[in-house]
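Participant: Structure provided below as structure tokens; questions to follow.
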DNA sequence: GAATGTGAATGTATTCACAGCT
DNA sequence: AGCTGTGAATACATTCACATTC
């Protein structure tokens, strides 16, 4: 359908592709720093650990930015991916919860590869509020609504204890935040128009444990379980 | 194939299922604490934000542990999922890199829901080595090989700067570690038998930015890009 | 009646393999 | 000759819908 001739790209990039674009971007930035002008799908695939056909298909969703027989222009591709990811503008981020993790996040210097700026740090604990962390003064959680409006925060990072997370999440959504990165080990309840991504240490460890167990259980590998069940 | 009558489960649980089991487990533990004895797929699905048919299919990969017309026994299911994930044994974890993030990880009290124990903290910086963090004395990275052997470490957590990550990774693998959780923003090169999972703040933010951009660009939504390209 | 477990249908992602451009 | 871009084939994952069991 829609056989319009110069239709450079399709809206609706597959989610799996979106998740890999930042990876390509980082690798390309490395190449750029080393002054390398062009790269083939094979090389970029090797640098990012993906299959080269997959990489080409991913890039083809953005448009036709390669040159057959040559490869991709590094700078041009950096620009195109950055634009697609929305990194040509700056996004303001608020970090809620300034415990160990919140501090670690705030101090994570190369905050993304630019494109993001920490607009505020918020916490509820009196002994933390007012402290300076990563060049910012920690503000009280009660000013969340003000901060989001005034600083035009579009991404909220939740680094609170599990119990506080849903409440913070609700408040963020109520003031119009629609993108949330959640480090608290809870499933957040949000309306459809809100995107939540979660980072969960214990889930990652458990997935690793699953595979580790498989590896160590290589011996007879099938029936000891039946015994337990019997 | 293999129509053996009482074959309780199939080895080879889909990866997508494995990634959700920890979620179910956490929700079940919550129910357990509240003294709730049984749960239906619908209830558990609601608590974890998944579709109930998906949940049932996931659980069916472990075996047939539900009761039609009733639901699942909470305690029994906790046990079965724990066992499947390998949480009935304890796994020793070494954290390499004791900067802000490493400290945050070390202090993350509920380290998983048990099943994991931090066996060692390692760092290269003289000003960190010897310090006590989260009840452990930080050891020098040179003792990595000793620590892994003596403490029987099976999971390595890399929380070093990007430059150091591949080197640390290689050393872990050389002493037999086959499960790695990587927080450094680099693609680690590892042999096939090693599992790596990565947690990458800037990738998560970029994925959110992509969707955020889509949401804010709702107006004409198709052709302004062509103008730029022309 | 209520809820599981699962074939069948659908949707999404990866990989192959090669036509087409430079 | 080399490498992209992409249909076709395959693999994986989700969802539907219902027969089966308690």
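Protein chains in written order, with UniProt numbering: chain A, 1 to 230; chain B, 1 to 230.
All C-beta atoms in this analysis are idealised placements derived from N, C-alpha and C, irrespective of residue type, glycine included.
Fair warning: this is a prediction, and the values are worked out from it, not measured in the lab.
Once you ignore the five residues that flank residue 119/B on each side, which residues in its own chain have a CB closer than 8 Å to its CB?
Facilitator: In the second chain, counting from the first residue as 1, residue 119/B sits at position 119. If the five residues before and after residue 119/B are omitted, its C-beta is found closer than 8 Å to the C-beta atoms of 92, 93, 94, 147, 151, 152, 153, all from its own chain and listed in chain order.
Participant: Give me the DSSP bridge partner(s) of residue 123/A.
Facilitator: Reading the first chain from its first residue, position 123 is the one you call residue 123/A. 140/A, per the DSSP bridge assignment.
Participant: Could you check whether the stretch 136 to 146 of chain B touches the stretch 171 to 186 of chain A, counting it as contact only if at least three pairs of C-beta atoms, one from each stretch, sit closer than 8 Å?
Facilitator: Counting Cβ pairs under 8 Å, fewer than three are found: no touch.
Participant: Per DSSP, what are the beta-bridge partners of residue 92/A in this structure?
Facilitator: The residue labelled residue 92/A in the question sits at position 92 within the first chain. Checking the DSSP bridge columns, you'll see residue 92/A partnered with 117/A, 153/A.
Participant: Can you check whether the CB of residue 22/B is closer than 8 Å to the CB of residue 36/A?
Facilitator: For the purposes of this step, residue 36/A is identified with residue 36 of the first chain, where counting begins at 1. For the purposes of this step, residue 22/B is identified with residue 22 of the second chain, where counting begins at 1. Contact: no.
Participant: What residue ranges within the stretch 178 to 226 of chain A form continuous alpha helix (DSSP H) runs of no fewer than 4 residues, ordered along the chain?
Facilitator: 201 to 216
Participant: Quick one: using the 10 Å Cβ neighbour count with 16 as the cut-off for buried, is residue 75/B buried or exposed?
Facilitator: As a position in the second chain, residue 75/B is number 75, starting the count at 1. Exposed: under 16 other Cβ atoms inside 10 Å.
Participant: Can you find a C-beta in chain B that's less than 8 Å from the C-beta of residue 19/A?
Facilitator: For this step, residue 19/A is matched to residue 19 along the first chain. It does: the Cβ of residue 19/A has a partner Cβ on chain B nearer than 8 Å.
Participant: Apart from the five residues on each side of it in sequence, which residues of its chain come closer than 6 Å, Cβ to Cβ, to residue 145/B?
Facilitator: Within the second chain, numbered from 1, the residue matching residue 145/B stands at position 145. 175, listed in sequence order.
Participant: Does any C-beta atom of chain B lie closer than 8 Å to the C-beta of residue 108/A?
Facilitator: Here residue 108/A corresponds to residue number 108 of the first chain, with the count starting at 1. Chain B, which has a Cβ nearer than 8 Å to the Cβ of residue 108/A, makes this yes.
Participant: So what does DSSP say about residue 66/A, is it helix, strand or coil?
Facilitator: Start at 1 with the first residue of the first chain, and residue 66/A comes out as number 66. In the structure shown, residue 66/A sits in a strand (DSSP, three-state: E or B).
Participant: Alpha carbon to alpha carbon, how far is residue 54/A from residue 101/A? Give it in angstroms, no decimals.
Facilitator: For this step, residue 101/A is matched to residue 101 along the first chain. For this step, residue 54/A is matched to residue 54 along the first chain. Straight-line Cα distance between these residues: approximately 35 Å.
Participant: Got a sec: which bits of the stretch 19 to 36 of chain B sit with their beta carbon under 8 Å from any beta carbon on chain A, in order along the chain?
Facilitator: 19, 21, 22, 23, 25, 26, 27
Participant: Quick check: what's the CA-CA separation for residue 31/B versus residue 18/B?
Facilitator: Start at 1 with the first residue of the second chain, and residue 31/B comes out as number 31. Start at 1 with the first residue of the second chain, and residue 18/B comes out as number 18. Inter-residue distance for residue 31/B and residue 18/B is about 21 Å (C-alpha atoms, whole angstroms).
Participant: Just list the residues that DSSP pairs residue 20/B with in beta bridges.
Facilitator: The residue labelled residue 20/B in the question sits at position 20 within the second chain. DSSP lists no partner for residue 20/B.
Participant: For residue 38/A, which of helix, strand or coil comes out of DSSP?
Facilitator: Within the first chain, the letter at position 38 stands for residue 38/A. Assigned with DSSP and collapsed to three states, residue 38/A falls in strand.
Participant: For residue 72/A, report the span of its beta strand (DSSP E) as first-last.
Facilitator: By one-based count along the first chain, residue 72/A stands at place 72. Run containing residue 72/A: 71 to 73, per the beta strand (DSSP E) assignment.
Participant: If you measure beta-carbon to beta-carbon, which residues of the stretch 197 to 215 of chain A are closer than 7 Å to chain B?
Facilitator: 197, 199, 201, 202, 203, 204, 205, 206, 207, 208, 209, 210, 211, 212, 213, 215
Participant: How would you call residue 72/A, buried or exposed, if buried means at least 16 neighbouring beta carbons within 10 angstroms?
Facilitator: Within the first chain, the letter at position 72 stands for residue 72/A. Counting Cβ neighbours within 10 Å, residue 72/A comes out buried, since at least 16 surround it.
Participant: For a quick check, are the C-beta atoms of residue 50/A and residue 20/A less than 8 Å apart?
Facilitator: Stepping through the first chain from its first residue, residue 50/A is reached at position 50. Stepping through the first chain from its first residue, residue 20/A is reached at position 20. Yes; because the gap between Cβ atoms is below 8 Å, this pair is in contact.
Participant: So what does DSSP say about residue 131/A, is it helix, strand or coil?
Facilitator: One-based indexing of the first chain puts residue 131/A at position 131. Residue 131/A: coil per DSSP, three-state reduction.
Participant: Which bits of chain A does residue 103/B rub up against, with CB to CB less than 9 Å?
Facilitator: The count along the second chain starts at 1 and reaches residue 103/B at position 103. The answer, in chain order, is 100, 103, 104.
Participant: Answer with yes or no whether the minimum CB distance from residue 4/A to chain B is below 8 Å.
Facilitator: As a first step, residue 4/A is located in the first chain; it is residue number 4 there, counting from the start. At residue 4/A the pLDDT is 31, less than 50, meaning the model places this residue with poor confidence and gives no usable figure here.
Participant: Under three-state DSSP, which class holds residue 173/A?
Facilitator: In the first chain, counting from the first residue as 1, residue 173/A sits at position 173. The answer is helix: DSSP assigns residue 173/A an H, G or I state.
Participant: Is the stretch 191 to 205 of chain A touching the stretch 184 to 201 of chain B, taking contact as three or more C-beta pairs under 8 Å?
Facilitator: yes
Participant: Relative to the C-alpha of residue 149/B, which candidate in 186/B, 85/B, 165/B, 177/B has its C-alpha closest?
Facilitator: Taking the first residue of the second chain as position 1, residue 149/B is located at position 149. Checking every option, the nearest Cα to that of residue 149/B belongs to 177/B.
Participant: For residue 158/B, list the residues DSSP reports as bridge partners.
Facilitator: Here residue 158/B corresponds to residue number 158 of the second chain, with the count starting at 1. BP columns for residue 158/B point to 96/B, 182/B.
Participant: Whole angstroms is fine: what's the gap from residue 46/A's alpha carbon to residue 191/B's?
Facilitator: Counted from its first residue, the first chain places residue 46/A at position 46. Counted from its first residue, the second chain places residue 191/B at position 191. The alpha-carbon of residue 46/A is positioned some 14 Å away from that of residue 191/B.
Participant: Do you know how far the Cα of residue 207/A is from the Cα of residue 15/B?
Facilitator: Taking the second chain and counting its residues from 1, one reaches residue 15/B at position 15. Taking the first chain and counting its residues from 1, one reaches residue 207/A at position 207. About 9 Å.
Participant: Within the continuous alpha helix (DSSP H) that includes residue 59/B, where are the two ends?
Facilitator: The sequence position of residue 59/B within the second chain is 59, counting from 1. Where residue 59/B is concerned, the enclosing alpha helix (DSSP H) stretches over 52 to 60.
Participant: Would you check if the distance between the CB atom of residue 87/B and the CB atom of residue 162/A is smaller than 8 Å?
Facilitator: By 1-based counting over the second chain, the position of residue 87/B is 87. By 1-based counting over the first chain, the position of residue 162/A is 162. Not closer than 8 Å, so no.
Participant: Figure out for me which residue from 67/A, 116/A, 41/A, 29/A has the closest Cα to the Cα of residue 205/B.
Facilitator: Here residue 205/B refers to the residue found at position 205 of the second chain. With distances taken between Cα atoms, residue 205/B lies closest to 116/A.
Participant: Hey, would you say residue 80/A sits closer than 8 Å to residue 63/A, going by beta carbons?
Facilitator: Counting from one through the first chain, the residue named residue 80/A turns up at place 80. Counting from one through the first chain, the residue named residue 63/A turns up at place 63. Their beta carbons are under 8 Å apart, which means residue 80/A touches residue 63/A by this criterion.
Participant: List the residues of chain A that residue 187/B touches, going by C-beta distances under 8 Å, in chain order.
Facilitator: For the purposes of this step, residue 187/B is identified with residue 187 of the second chain, where counting begins at 1. Within 8 Å Cβ-Cβ: 23, 27, 47, 48, 49.
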